[in-house]
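Heads up, the thing below is written out as structure tokens.
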Ligand code: URA
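Numbering (the UniProt record's numbering), first residue to last: 1 to 217.
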């Protein structure tokens, strides 16, 4: 059994995964008790993926944000609202997607006033510790297409040399955890919210998502 005092290179969710061929519901229950890395200590709860096990498309983000941590669901905050709008504009029904994150706990620091929690990117070790949950979700959902939202999701799925700018808006074919996957990378919706030219960044996201919609048709 993993312990919370494990050295960084021993972080892993593997001992917390149910044996056999667990359903999404069984995975979600087990993930709620994951202690595979220290991120569970400060987060409110595990934020597991949401959506149908029969979804044709899986959207993979970075990690839950402040709102997601409080509500226990992925992409329910400002980035999620923007993503929902962009998906609809691109012709993808958000209700038909399985939505998840590379890392299932919110990582943050407190602002000096201790009134606000500031998102902190996960390390490669934390991403790989959490990888078994994402691999299990991919096995159960077996999506026709994976939309990779930003650099963290890209590194978690495609390796540390992933650069979103080099491959965004293209259909990649890669073997991931022994399964052939088709993936369309794009920027993370939070980067659109932070962009100086928000409209331009938003249209870029929609254009990439249109590539995903076309790949599914
Ligand atoms: N950003 C993410 O990557 N995932 C969420 O669930 C929310 C914000």
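Backbone N, C-alpha and C define an ideal beta-carbon position, used for all residues, glycine too.
- When the beta-carbon positions are compared, residue 145 and residue 56 come within less than 8 Å of each other.
- By the criterion of at least three beta-carbon pairs nearer than 8 Å, the segment 100 to 107 is in contact with the segment 129 to 148.
- A distance below 8 Å separates the beta carbons of residue 206 and residue 86.
- Cβ-Cβ distances below 7 Å link residue 117 to 66, 108, 110 in the same chain, with the five nearest sequence neighbours on each side left out; the list follows chain order.
- For residue 191, the distance from the CB to the nearest heavy atom of the ligand URA is not below 7 Å.
- The nearest non-hydrogen atom of the ligand URA is 7 Å or more from the C-beta of residue 121.
- Going by DSSP, residue 113 is part of no alpha helix (DSSP H) at all; its letter is neither H nor E.
- In the structure shown, the three-state DSSP call for residue 179 is strand.
- In this structure, residue 61 sits near residue 75, with a CB-CB distance shorter than 8 Å.
- About 12 Å separates the CB atoms of residue 16 and residue 28; that is not less than 8 Å, and the two are not in contact.
- Taken atom to atom, the span from the alpha-carbon of residue 178 to that of residue 41 is near 32 Å.
- Using a cutoff of 7 Å, the CB of residue 75 counts as near the ligand URA, since one of the ligand's heavy atoms is closer than that.
- Put simply, the backbone Cα of residue 215 is about 47 Å away from that of residue 113.
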